[in-house]
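One structure is given here, and the rest of the page talks about it.
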Amino acid sequence: MKSILIKDTTKQERIAIIKEWIPEDDGLNDCEIDMWDMYRDYINGEKEISEINAEFRTDFYSEPEEK
Numbered sequence: 029m030k031s032i033l034i035k036d037t038t039k040q041e042r043i044a045i046i047k048e049w050i051p052e053d054d055g056l057n058d059c060e061i062d063m064w065d066m067y068r069d070y071i072n073g074e075k076e077i078s079e080i081n082a083e084f085r086t087d088f089y090s091e092p093e094e095k
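Just so you know, we're using the working numbering here: the sequence shown kicks off at 29 and counts up by one.
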């Protein structure tokens with residue numbers, strides 16, 4: 029399997045990688061997540077996929093505020 033790290037890919041390759049992950053019927057029609065928006069920093073070579081995924085999980089699973 030080819031590396032998907034920014035240093036090993038071109039912008040066009042990163043776009044193709046994200047396209048592979050988003051089927052035509054992505055099942056996210058009722059969801060507020062825009063996969064293109066979510067991975068924009070990866071496509072632009074600013075953040076690795078692992079960084080974006082870690083940030084997403086942190087935001088998604090945030091601790092409830094204490095009362």
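Beta carbons: idealized from backbone N, C-alpha and C, even for Gly.
In this structure, Tyr67 keeps its C-beta atom at 8 Å or more from the C-beta atom of Ile34. The straight-line gap separating the alpha-carbon atoms of Ile71 and Ile43 is approximately 6 Å.
Between Met63 and Ile50, the CB-CB gap stays under 8 Å.
In the DSSP assignment, Glu76 falls outside any alpha helix (DSSP H), carrying neither H nor E.
In the three-state reduction of the DSSP assignment, Lys47 falls in the helix class.
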